[in-house]
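Quick note on the working numbering: the sequence shown kicks off at 20 and runs consecutively.
Each remark here refers to the structure printed beneath this line.
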Amino acid sequence: MRRIGPVLLAAVIITPAHAYDQGQRVTAASAAVSCRSWQTLKTLGELMGDTPRFADFWRAKKASGECRTFPVGTVVIVEDDQRTGSKAIMRMRTAADGVYWTYPWYFR
20 MRRIGPVLLA AVIITPAHAY DQGQRVTAAS AAVSCRSWQT LKTLGELMGD TPRFADFWRA
80 KKASGECRTF PVGTVVIVED DQRTGSKAIM RMRTAADGVY WTYPWYFR
């Protein structure tokens, strides 16, 4: 029985068991970068190592309304929370702003 405890604990820690449920309301715990398309959010992540290109892309996407930052305290409704291994992405919506893609770790 001593071996089962550590194995179960390890399984709980490494599985994506903490995904949010569809329809669940969650609150931004930090400024949440969000974009209307998953591809745009993915491109932002890929550009993070190239500050000038990242800055130009971010400014253009914010100006067009494609991306925005939700401030701390913003309540959103989860549409979909996909977690596989170390990767996680969440589609969420607000009553006023429609649907955005973001990362679930911004929310509680």
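From the three backbone atoms N, C-alpha and C, an ideal C-beta is built for every residue, glycine too.
Next item on the list: Write down every uninterrupted run of the alpha helix (DSSP H) in the region 26 to 95 whose length is 4 residues or greater and which is fully enclosed by it, in chain order.
Entry: Runs of the alpha helix (DSSP H) inside the region 26 to 95: 57 to 66 and 70 to 83.
Check: Is there contact here, the region 87 to 99 with the region 42 to 60, by at least three beta-carbon pairs under 8 Å?
Finding: Three or more pairs of CB atoms, one per stretch, sit closer than 8 Å, so the region 87 to 99 contacts the region 42 to 60.
Check: From the DSSP output, which residues share a beta bridge with arginine 127?
Finding: Here residue 127 refers to the residue found at position 108 when the sequence shown is read from its first residue. Beta-bridge partners assigned by DSSP to arginine 127: none are found.
Next item on the list: Pair every Cβ in the region 72 to 80 with every Cβ in the region 106 to 114, then say whether three or more of these pairs are closer than 8 Å.
Entry: With contact defined as three or more Cβ pairs closer than 8 Å, the region 72 to 80 and the region 106 to 114 are not in contact.
Next item on the list: Could you check if proline 71 is buried or exposed, using at least 16 other CB atoms within 10 Å of its CB as the buried criterion?
Entry: The residue you call residue 71 lines up with position 52 of the sequence shown. Proline 71 is exposed by the Cβ-count criterion.
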